[in-house]
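According to the working numbering, the sequence shown holds residues 1421 to 1546 in order. A short write-up of the structure that comes next.
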Amino acid sequence: MGTLDNALYFDNSRIMEVNQAEKALGALAQERRLRVFRLLVRAGLEGLAAGDIAQQLAVPANTMSTHLAVLSRAGLIVSRKEGRSVIYAVDLEGTRKLLSFLVEDCCRGKPEICRPLIASALARCC
């Protein structure tokens, strides 16, 4: 019975990472949400009002609200209130965590192999 008890105490911290990554990737797997996320990445930390996002992407406001909620729950965007508007912006920390998770085990633990790929991607965006 001692063996069975020990099985209850395994390390599940990695499972939590996988679950969060799955949620984020699932949020981005829908075309409109991916377009919203990319638009907010381009907007930077300043972000955009929900109505402006809906207008720029030609999406009805109520539909956009749902997409923004999914992205927010996935940890990819954040919101703040400014007067009567809700401003959405990319969550840099959540995005960094997702990208780090995706390349964490890159090249069998030899980060020097992946470094040029990552540097190339960052050079185009930052």
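For glycine and all other residues, C-beta sits at the position ideal for the given N, C-alpha and C.
In the DSSP assignment, the alpha helix (DSSP H) including residue i goes from what residue to what residue?
i: GLU1502; result: Note, GLU1502: premise wrong, no alpha helix (DSSP H); beta strand (DSSP E) at 1497-1502.
i: ALA1494; result: Note, ALA1494: premise wrong, no alpha helix (DSSP H); not H, not E.
Check the DSSP bridge columns for residue i and list the partner residues they point to.
i: ILE1507; result: ALA1469 and ARG1500
Could you say which of the options lies nearest to residue i if we only look at CA atoms?
i: GLY1464; options: VAL1498, ILE1538 and ARG1504; result: VAL1498
i: ALA1478; options: SER1540, LEU1518, ARG1453 and LYS1530; result: ARG1453
i: GLY1462; options: TYR1508, PHE1521, CYS1526 and CYS1527; result: The sequence shown places Arg at residue 1462, rather than the Gly named in the question. Of TYR1508, PHE1521, CYS1526 and CYS1527, the residue nearest in Cα terms is TYR1508.
i: LEU1445; options: LYS1530, LEU1491, ASN1482 and LEU1460; result: LEU1491
i: SER1505; options: CYS1534, ASN1439, LEU1512 and ALA1474; result: ALA1474
i: GLY1503; options: GLY1495, GLU1524, ALA1469 and ILE1538; result: ALA1469
i: THR1384; options: GLY1495, ALA1539, THR1483 and VAL1456; result: The structure shown does not extend to residue 1384, since the chain is modelled only from 1421 through 1546, so no value can be given for it.
i: LEU1460; options: SER1520, CYS1534, ASP1511 and LYS1530; result: ASP1511
Does residue i come out as helix, strand or coil in the three-state DSSP assignment?
i: MET1421; result: Residue placement at MET1421 is flagged as unreliable, the pLDDT there being 46, under the threshold of 50; a coordinate-derived value is accordingly withheld.
i: PRO1536; result: helix
i: LEU1477; result: coil
i: GLN1450; result: coil
i: LYS1517; result: helix
Taking the straight line between their C-alpha atoms, what separation do you get for residue i and residue j?
i: LYS1501; j: SER1485; result: 14 angstroms
i: LEU1448; j: ARG1458; result: 10 angstroms
i: ALA1481; j: CYS1526; result: 40 angstroms
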